[in-house]
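Heads up, the thing below is written out as structure tokens.
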Amino acid sequence: METTLSEQSLELLNALQIAPRATWRQLAGVLGSKPSTLSQRWDDLRSRGVAWVTAMFSGATRHSAIAFVEVGCTMERQTALGDEFVANPNIVSVERLTQGPNFGLTIVADSLESMAMGPLEFLAGLPGVTSIQTSASVAMHHGAHLWRLEHLDKGQIEALKSIHREMTAPDTSIVLGADTRPIVQMLQLDGRCSAADIARRLDLAPATARRRLDRVLRSEEIVLRTELAQSRSGWPVNVQWFARLPAGDHDRAAQRLAELNPRMIASVTGNSNLLITFWLRSLHDVLTVEQMVEQAVPTITIDHSAVLINALKRQGWVLNSDGSTTGEFVSS
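Per the UniProt record's numbering, residue 1 is the first one in the sequence shown, and the count goes up by one each step.
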């Protein structure tokens, strides 16, 4: 059984969740460590696939479509289908479920039309698929980039938030074009890559690389996300709830639920119009968290829940059975 990472490693990763592009010197000042020590610790975690920083589409704009798809299949095709899902670049996340459908998929496309003609048509044509239930995201209230390990004190958290604000001032008017796509792809592979790295890799003038990188980082379309192997996080249990709420309650409910440190809150299409996911410390916490959700949002009705057995792919990164990355990235 995998052991939880050391306190020092979890503190570093918690800091990188808040300020993913902070310098080692800035992080050392907050964590009371040396820049070289933090750099070496990060290099070790990243080289073993235990932790990584990646870029992802936020779902906060109208420039892409996101859907959560539950897929049932025959038992004899389960392993082969898992491999096919992982290999599809439009399926950014693949998770095995404990009950009901066999897989939970997250699909990203340029539009609902391209999603229907591409990945959803692909799923429907696969041998062994017995059911497909699609819930399109209509509002992403809270993404996994906002989930926290909870290993820092309030003073450290505020200091890191200040560092992050100084480095990245959001600009809602920015719309990313084709010229920034290669930079987004580099950030997906390494969310801490520098403008100098980008200039060398893409054969750009240093000033051009800095300007385009700044546009990407300030855009609402892209967020950076510090990830780690779930089995080493201290939060090894992944649970999702499909629930119902009156349409007018979603924003207020999401604000209240965000205080419980969820992985995701999304308004979706269908009879169950709210999807909530949590990482928990143990299975014993499932009913406790469900009760907390119901207390925070009295108008909510929980329709069904599922424990996720393991993730085969998360935001494009192919995973080992322990949740560490294999180093392979498959995404469009």
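Just so you know, even glycine gets a beta-carbon here, dropped at the ideal spot from N, CA and C.
Check: Out of His141, Gln133, Ile157, Gly177, state which residue places its alpha-carbon closest to the alpha-carbon of Ala22.; Outcome: Ile157
Check: Would you say Trp279 and Val216 are within 8 Å of each other, going by their C-beta atoms?; Outcome: no
Check: Buried or exposed for Gln99, please, with buried defined as at least 16 other CB atoms from any protein chain shown within 10 angstroms of its CB.; Outcome: exposed
Check: Please identify the residue among Ser114, Met117, Phe122, Pro101 whose C-alpha is closest to the C-alpha of Glu84.; Outcome: Phe122
Check: Who are Met140's beta bridge partners in DSSP?; Outcome: Ala266
Check: Would you mind giving the Cβ-Cβ distance between Val86 and Lys313, rounded to the nearest angstrom? I have them listed as a contact below 8 Å.; Outcome: 5 Å
Check: Between Gln40, His151, Leu274, Thr168, which has its C-alpha nearest Ile222's C-alpha?; Outcome: Thr168
Check: Quick check on DSSP: helix, strand or coil for Met1?; Outcome: Summary for Met1: the model assigns pLDDT 48, below 50, so the residue's position carries little reliability, and this model does not support an answer.
Check: Considering Trp24, what are the terminal residues of the beta strand (DSSP E) in which it resides?; Outcome: No beta strand (DSSP E) contains Trp24, which is instead part of the alpha helix (DSSP H) from 24-31.
Check: Taking only the alpha-carbon atoms, compute the straight-line gap between Thr226 and Arg148 and give it to the nearest angstrom.; Outcome: 10 Å
Check: Could you give the residue range of the alpha helix (DSSP H) that holds Ile18?; Outcome: 7-18
Check: Within a Cβ cutoff of 8 Å, which residues of the same chain sit near Ala80, ignoring the five residues on either side of it in sequence?; Outcome: Gly128
Check: Express the C-alpha separation of Leu10 and Leu38 in angstroms, rounding to a whole number.; Outcome: 12 Å
Check: Identify every residue that forms a DSSP beta bridge with Ile225.; Outcome: A quick correction: the sequence has Arg, not Ile, at residue 225. Beta-bridge pairing links Arg225 to Thr54.
Check: For the putative contact between Pro20 and Arg192, defined by C-beta atoms under 8 Å, what is the C-beta separation to the nearest angstrom?; Outcome: 7 Å
Check: Report the residue from Val239, Leu224, Ala67, Ile183 whose alpha carbon sits nearest the alpha carbon of Gln133.; Outcome: Ala67
Check: Drop a sphere of 10 angstroms on the beta-carbon of Ile18, count the other beta-carbons inside from all chains shown, and report buried for 16 or more, exposed for fewer.; Outcome: buried
Check: With which residues is Asn271 paired in a DSSP beta bridge?; Outcome: Asn271 is not bridged to any residue.
Check: If you measure between the beta carbons of Leu274 and His250, is that distance less than 8 Å?; Outcome: yes
Check: Is it right to say Gly82 is buried, meaning 16 or more other beta carbons lie within 10 angstroms of its own, or is it exposed?; Outcome: buried
Check: Whole angstroms is fine: what's the gap from Met264's alpha carbon to Thr277's?; Outcome: 5 Å
Check: Name the residue from Thr3, Arg281, Met56 whose alpha carbon lies nearest to the alpha carbon of Asp190.; Outcome: Met56
Check: For the beta strand (DSSP E) that Arg314 lies in, which residues bound it at each end?; Outcome: 301-314
Check: With 16 as the cutoff for other CB atoms within 10 Å, does Val175 come out buried or exposed?; Outcome: exposed
Check: Under the three-state reduction of DSSP, which class applies to Leu176: helix, strand or coil?; Outcome: coil
Check: Output the distance between the C-alpha atoms of Ser267 and Ala205, rounded to the nearest integer angstrom.; Outcome: 42 Å
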